[in-house]
Each structure stands twice: as structure tokens, then as C-alpha cells.
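This report concerns only the one structure given below.
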Amino acid sequence: ILEGEAANLGEFPHMVALGFDRGNGYQFDCGGALISTLYVLTAAHCIINLERVEPTIVRAGVVQLGGNTFDDDTDYRIAQSIIHPEYSRSLKYNDIALLRLQKPVSVSSTLNPACLYTKDSDPETPLTVTGWGKTSNTQNLKSNILLKATISAVNRERCGPHYSAWRKLPRGIVPEQICAVDPDGHSDACQGDSGGPLQVSENGDSYYRVVGVTSFGSGCGTSTPGVYTRVARYLNWIEGIVWP
Ligand code: 4AZ
Numbered sequence: 111i112l113e114g115e116a117a118n119l120g121e122f123p124h125m126v127a128l129g130f131d132r133g134n135g136y137q138f139d140c141g142g143a144l145i146s147t148l149y150v151l152t153a154a155h156c157i158i159n160l161e162r163v164e165p166t167i168v169r170a171g172v173v174q175l176g177g178n179t180f181d182d183d184t185d186y187r188i189a190q191s192i193i194h195p196e197y198s199r200s201l202k203y204n205d206i207a208l209l210r211l212q213k214p215v216s217v218s219s220t221l222n223p224a225c226l227y228t229k230d231s232d233p234e235t236p237l238t239v240t241g242w243g244k245t246s247n248t249q250n251l252k253s254n255i256l257l258k259a260t261i262s263a264v265n266r267e268r269c270g271p272h273y274s275a276w277r278k279l280p281r282g283i284v285p286e287q288i289c290a291v292d293p294d295g296h297s298d299a300c301q302g303d304s305g306g307p308l309q310v311s312e313n314g315d316s317y318y319r320v321v322g323v324t325s326f327g328s329g330c331g332t333s334t335p336g337v338y339t340r341v342a343r344y345l346n347w348i349e350g351i352v353w354p
């Protein structure tokens, strides 16, 4: 997250980090959101990535990422990764996946699932994106503390032209995506934040609903909106898996 603020413990109790084991301890290179005690919502490109390494654990209920070894207090093993059947790595559409945990999380005030935003229109209110990803465009530094940034939805008419020349988006920005940008600043999601949630606040920030999954962008902190997978367009697919 560029130009974000530190999140408080319990403020985003659904926020998790995905742990990738490349042989020297876990690296937390993607985010996710708990949407039940057993399932985490994330991006498909976090599962099928270039290095062909899948995440094997999620770290939950923390704002401070901490060490790179398995911690029984915070870490849950991933039993199964379910990638959206229409995701293809060559195109950037349907970038959504679910992770089933080996055992349900123990719910507390700092660890509990989020509800989804079920309207498939752009929310008018400010949105909050969270993650432990890069904090600068020019340095490869990630955040050890969970950061939050406030951005706003940009409609398809205004967002589409930013991506019209992308070979990987032959149909441009589609209704299954939501664009968002900081209208008067440089707050943004960045590399390492993907898979994590874009949220809309309810009840004066007492809780958040997940409206999107951080997918990609053209750089970070520019006037080009970031692109998120719109969860309201995937409710049938999600509920078919999460509600057995
Ligand atoms: C990424 O590489 C990424 N500014 C995610 C979000 C954005 C840019 C890049 C949006 O995962």
C-alpha cells in the first residue's frame, strides 16, 4: 500500500496474508479475506503464479506479520485451492479463487469472517484497500504492518480507456471488474497487496464488507485506477463452494 495508514488490530479481522514456502521460510506475497471460518477469498493469480509456487498457509488475526516460520497461534494450513473455472493466466479476467483451510479458524474480536457486498453497482462511498504489499514504487520494500488506504470507485466509462490497449484485456474492463483510484493523492494498492480485499465501510467503519479482490494495475500511485475483481458478480460461484 502506498501512502497508507497503519491498521489497528481488529479493524480488518477478516484480513489474512498468504504464505509461500520457497525453501527458506514463508514469504507473504499476497493478501486474502476470510469469508467464512473455513474459506479465504483471494486472487487466482496468487495461486497460479509465474514461479509455480502455491501458497501453503494463511496467517490470520494479526496486523504485524512477524516471523517466517509456522506459528500455531496465527497460521492455518491450506487444504485446497479452488481457482475460478474461467480464469486463464494469459488474460486478466475472473481473477478470483477460494482457499479451503485444513481446520476452521477460531473466531475472536481480531479474527472473524467478513460479509460480501452483494450489489453489483459501484459504491458511492469511499473504499478501503488493505495489505502488506510494497510501500513505494521505486523501492522493493513491503510493509511489516498492515496498511489501509482510502480510494474511490471509477466507473467503467472512465476506467476503460486506461486499459484499452492491453493485450491481456481484449474486452477492456468488464462488469466483473471494479476500478478504484485515490482522486486527490497517491494512495494505492501495489505489488504484494493483490488477493487482498477492497472494502466498503458499514456503520461508520464499525465493520467492512468485501466489494473487490485486488487484481492488478498499471504501476502504483498514479492517476490510472487499479483493477479489482467485483465479488458481487461471483456470488453464485462463491456460495456454491462455501455453503455446501
Ligand atoms: C500487483 O502487482 C499490483 N495499483 C496490484 C495492484 C495494483 C498494482 C499492482 C494497483 O499486484
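By UniProt numbering, the letter at position 37 of the sequence shown is numbered 147, and the numbering carries on one by one without gaps. Glycine included, C-beta positions come from ideal geometry on N, C-alpha and C.
Pairwise C-alpha distance: residue j and residue i
i	j	result
Gly142	Pro354	21 Å
Thr228	Phe130	31 Å
Gly331	Leu201	23 Å
Arg132	Gly302	16 Å
Glu312	Glu196	31 Å
Lys278	Ala170	33 Å
Tyr338	Thr245	19 Å
residue 376	Ser328	Any question about residue 376 goes unanswered here, given that the chain covers just 111 to 354.
Asp230	Leu251	35 Å
Residue i classed as buried or exposed, judged by whether at least 16 other C-beta atoms fall within 10 angstroms
i	result
residue 360	Given a span of 111 to 354 for the chain in the structure shown, any question on residue 360 remains unanswerable.
Gly243	buried
Pro285	exposed
Pro271	exposed
Ala275	exposed
Ser325	buried
Pro335	buried
Spatial neighbours of residue i in its chain, beta-carbon cut-off 8 Å, leaving aside the 5 residues before and after
i	result
Ser262	Pro236, Leu237, Ala290, Val291, Asp292 and Pro293
Gln212	Tyr186, Arg187, Ile188 and Ala189
Asn265	Asp232 and Cys289
Same chain only: Cβ atoms within 6 Å of residue i, ignoring 5 sequence neighbours per side
i	result
residue 98	It is not possible to answer for residue 98, since the shown part of the chain is limited to 111 through 354.
Gln174	Ile255
Tyr136	Gly129 and Asn178
Cut-off 7 Å between Cβ atoms - residues of its own chain near residue i, not counting five sequence neighbours on either side
i	result
Glu115	Leu257 and Lys258
8 Å Cβ cutoff met for residue i and residue j
i	j	result
Gly322	Arg340	yes
Phe122	Thr248	no
Gly305	Thr147	no
Ser316	Glu113	no
Identified DSSP bridge partners for residue i
i	result
Val239	Ala259 and Leu308
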